[in-house]
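Engineer:
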Amino acid sequence: GWHSVFYFLVLYSALVFVLVFIHLPETLASHLRQSFHPAHVARVYGRTLVHRRFQSLVFMVACYFGGMFLYIAGAPTVIFDFLQLESTDFAILFIPMVAGMIAGAWLSGQLAHRWPRQRTLTLALTLMALGTLANSAQALLLTPTLVSMITPLIIYTCGIGIAMPAMMVMSMDCFPNNRGTAAAVMGFVQMLGNALIASLAVPLLSQHPSHLALGQTGLIAIALILWWRIPAQAEEAHSKPANISS
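Everything in the sequence shown is counted per my numbering, starting at -11 for the first residue and increasing by one.
1. Out of Thr108, Ser23, Ala201, Val66, which one is the CA nearest neighbour of Gly92?
2. Within a Cβ cutoff of 6 Å, which residues of the same chain sit near Leu193, ignoring the five residues on either side of it in sequence?
3. If Met155 and Val49 are in contact, beta carbons under 8 Å, what's the gap, nearest whole angstrom?
4. Hey, how far is the Cα of Arg105 from the Cα of Leu111?
5. Alpha carbon to alpha carbon, how far is Thr15 from Met160?
6. State the DSSP-derived secondary structure class of Pro140, mapped to helix, strand or coil.
7. Apart from the five residues just before and just after Leu118, which ones in its own chain have a Cβ nearer than 7 Å to its Cβ?
8. Using a 10 Å radius around the Cβ and a threshold of 16 neighbouring Cβ atoms, would you call Thr76 buried or exposed?
9. Hey, Thr169 and Val46: beta-carbon distance below 9 Å or not?
10. Between Ile150 and Cys51, is the Cβ-Cβ spacing less than 9 Å?
11. Can you tell me where the alpha helix (DSSP H) with Cys51 in it begins and where it stops?
12. What did DSSP end up calling Ala112 once you bin it into helix, strand or coil?
13. Hey, would you say Ala186 sits closer than 9 Å to Met116, going by beta carbons?
14. Could you tell me the alpha carbon to alpha carbon distance between Thr205 and Phe57, rounded to whole angstroms?
15. Rounded to whole angstroms, what is the Cα-Cα separation between His226 and Pro164?
16. Please return the same chain residues whose Cβ sits closer than 8 Å to the Cβ of Ala122, not counting the five positions on each side in sequence.
17. For Leu130 versus Ser136, is the C-beta spacing smaller than 9 Å?
18. Roughly how many angstroms separate the alpha carbons of Thr120 and Met89, rounded to a whole number?
19. In chain order, what residues of the same chain lie with their CB nearer than 6 Å to the CB of Leu236, ignoring the 5 residues before and after it?
20. Kindly indicate if chain D contains any beta-carbon less than 9 Å away from that of Phe53.
21. Could you please give the first and the last residue of the uninterrupted alpha helix (DSSP H) stretch that includes Gly97?
22. Check Gln(-11) in the structure and name its three-state DSSP category.
23. State the CB to CB distance for the pair Phe53 and Gln195, rounded to an integer number of angstroms; the pair is presumed to be in contact (CB under 8 Å).
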């Protein structure tokens, strides 16, 4: 039954752990390695909590990714209540959203050789904002249909795909000697945001399509405000386009 999926994941992760522990050597030079003492690790994590630029970038990711997660966690309501579809129709929602992210990631790789990261992220946030505005407009003015609900989400997830590679690099650049820590904090905040959205926002916003759409608009508005307030770094403005691949 469905439990087999989780059994497989446990076995797979255990196998990967053993193989990495036994066969994968440490690639970091010995003189660059840092202490794994809990006090040192805590100090490193503590620095991420007081770094304003890093925190702004992290919460930006949580907000704009949360705008997509509203529709992931709220998928049963979207499929069954809004679109009047069946339990076998979830792919109709998820496949276009994933396709949008894949297309955005591919485009991000192409732009990385030509544009600086800030310009790429501005494009990504613009696409997400346009997607949310179109989503809110159709939810307020139209009867929900498959095309009217899915199309804005494709635009939105394309923006996410464009943003993520550049956003990861910009966030980790805040801590060039602790990139793993920066990535871990970003992942934790993103997952925490998703949990809050699934447990609090979705139950409150799932009564009508416009409620979900306006919730998504609110999240991207917060992300845009954070992006506007992030101080630009001089080296970013004058740097060559980053070599980021999707």
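Beta carbons: idealized from backbone N, C-alpha and C, even for Gly.
Structural biologist: Per the coordinate set shown:
1. The residue among Thr108, Ser23, Ala201, Val66 with its C-alpha nearest the C-alpha of Gly92 is Thr108.
2. His199, Leu200, Gly203.
3. Right, their Cβ atoms sit about 6 Å apart.
4. Between Arg105 and Leu111, the C-alpha separation is close to 10 Å.
5. About 19 Å.
6. Reduced to three states, the DSSP call for Pro140 is helix.
7. The residues are Ile143.
8. Residue environment analysis places Thr76 among the exposed positions, since fewer than 16 neighbouring C-beta atoms fall within 10 angstroms of its C-beta.
9. With a cutoff of 9 Å on beta-carbon distance, Thr169 and Val46 are scored as not near each other.
10. Taking 9 Å as the cut-off, the beta carbon of Ile150 is found no closer than this to the beta carbon of Cys51.
11. Start and end: 40 to 61.
12. In this structure, Ala112 counts as helix in the three-state DSSP scheme.
13. Remark: C-beta atoms of Ala186 and Met116 do not approach each other more closely than 9 Å.
14. In a straight line, the C-alpha of Thr205 is about 13 Å away from that of Phe57.
15. Residue placement at His226 cannot be trusted, given a pLDDT of 37 that sits under 50; the coordinates are not used to answer.
16. Cβ neighbours of Ala122 beyond the five flanking positions: Thr139, Pro140, Ile143.
17. The answer is yes: Cβ separation under 9 Å.
18. Taking the Cα positions, Thr120 is about 15 Å away from Met89.
19. The chain is shown from -11 up to 234; residue 236 falls before or after that span and cannot be answered.
20. No chain D is present in this structure, which holds just one protein chain.
21. Taken as a continuous stretch (DSSP letters only), the alpha helix (DSSP H) holding Gly97 covers 78 to 99.
22. According to the sequence as given, residue -11 is Gly; it is not Gln. Residue state for Gly(-11) is assigned as coil, using DSSP reduced to three classes.
23. Phe53 to Gln195, Cβ: 23 Å. No contact.
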